[in-house]
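Notes to accompany the following structure.
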Amino acid sequence: MRLMLAPMEGVIDHTMRELLTSLGGVDRCVTEFVRVSAQLLPARVFRRYCPELAHGGATSSGVPVYLQLLGGQPTVMADNAARAAELGAPGIDLNFGCPARTVNRSDGGAVILREPERVHAIATAVRAAVPADVPVTVKTRLGYDDRDRFLDIVRAVAAAGASELTVHARTRRHGYRPPAYWEEIARAREICKLPLIANGEIWSPGDALRCREVARCEDLMLGRGVLCRPDLPRLVKAAAAGAHPAPLTWHQVLPLVRRFYDLNLSHYEAHYAPNPLKQWLVYLRGYYLEAAPLFERIKRLRDPQAVSLELRHAAADTSAATGLSMTA
14 MRLMLAPMEG
24 VIDHTMRELL
34 TSLGGVDRCV
44 TEFVRVSAQL
54 LPARVFRRYC
64 PELAHGGATS
74 SGVPVYLQLL
84 GGQPTVMADN
94 AARAAELGAP
104 GIDLNFGCPA
114 RTVNRSDGGA
124 VILREPERVH
134 AIATAVRAAV
144 PADVPVTVKT
154 RLGYDDRDRF
164 LDIVRAVAAA
174 GASELTVHAR
184 TRRHGYRPPA
194 YWEEIARARE
204 ICKLPLIANG
214 EIWSPGDALR
224 CREVARCEDL
234 MLGRGVLCRP
244 DLPRLVKAAA
254 AGAHPAPLTW
264 HQVLPLVRRF
274 YDLNLSHYEA
284 HYAPNPLKQW
294 LVYLRGYYLE
304 AAPLFERIKR
314 LRDPQAVSLE
324 LRHAAADTSA
334 ATGLSMTA
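Going by this note's numbering, 97 is the number at position 84 of the sequence shown; the sequence numbering is gapless.
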């Protein structure tokens, strides 16, 4: 069983990848999409989206990071894929799943699913441009407006010579609304031997096991669920092996919150560092109720030092509460 960390634009950047992969359970990451329009991008763009290129294309925990491209022109996509491989990307991922209207209007993401032949043309061109030892993977949805052409999309990806296909089990029209239609992925299993990775609505180890059974997929991709529960990959793998370790408590998560903030302070300008932290707390409060009051205290703060002070207060309060509960 392999678990992939989903590419979430504006959310899972290299600092979040660094933190989450350090907790174990993640086998591969994918960058936020690099937008490809009409030209060969300079090396600095690839390095900005994937700083791990300077370290063998992996996080410090040794987890490989594939570089994701988004665009609609086969030749330009191929040229940029070749450039990314030259720079050391261990794999190239193609984004045919982004549902954002602005992206779709610019001929990128899920809009290309309307024409499976274009999916085939782009994936074929990229596969031909990249060395044979560099995997080319594809991330897609069930379709754009509906699921009618899903199997055509699967056939297009397989015929292009892609290494793997990750399927977000919703259409573009569905967006991120539940449910995820895992059973549709099982249909793809019936027509191709391409390794399939299921994605969508995996919030718990139980969800993961059900998804594997329904989708008939050995491997999974986790996104929002990991942001809510950073130890979810470890818990999923344990559950698959029949074990049930205790999940992280808020007392154990708070040091991760602090570490994430410090990572952002070290990699970005100080005035920007509070923003990713606030965004992560919004996800964390979906599972950890204690994250909500911390978010309320810092959501309007802009001074990095003031945010640091609130994090120290939160750690002290949690330690005191934990000590009281242990002596009660």
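Backbone N, C-alpha and C fix where the C-beta goes; we use that ideal spot for every residue, glycine too. These numbers were taken from a predicted model, which means no experiment stands behind them.
- Per DSSP, the beta-bridge partners of D232 are I210.
- Note on H257: under 16 other CB atoms within 10 angstroms of its CB, so exposed under the neighbour-count rule.
- Scanning the stretch 241–269 from its first residue to its last, the whole alpha helix (DSSP H) runs of 4-plus residues come out as 245–253.
- If you ignore the 5 residues before and after L290, its C-beta comes within less than 6 Å of the C-beta of Y274, all in its own chain and listed in chain order.
- Annotation: M14 to A145 spans about 24 Å, alpha carbon to alpha carbon.
- Close CB contacts of G110 within its chain, under the 6 Å cut and outside five residues either way in sequence, are with A123, K152, T153, R154, H181 (chain order).
- For the pair L240 and W293, the CB atoms are nearer than the 8 Å cut-off.
- For Y79, the enclosing beta strand (DSSP E) begins and ends at 78–83.
- In this structure, the CA atom of S176 is about 21 Å from the CA atom of M21.
- Excluding five sequence positions before and after E323, the CB atoms of its chain that fall closer than 8 Å to its own CB belong to L307, R310, I311, L314, given in chain order.
- About 16 Å separates the CB atoms of R60 and C42; that is not less than 8 Å, and the two are not in contact.
- Around the beta carbon of A327, a 10 Å sphere encloses 16 or more other beta carbons of the protein chains shown; the residue is thus reported as buried.
- Just so you know, the alpha carbons of G104 and W263 end up roughly 35 Å apart.
- Along the stretch 175–224, the beta strand (DSSP E) occurs as fully enclosed runs of 3 or more residues at 177–181, 209–212, listed in sequence order.
- Shown here, D106 sits in a strand according to DSSP, grouped into three states.
- Annotated three-state conformation of K291 is helix, per DSSP.
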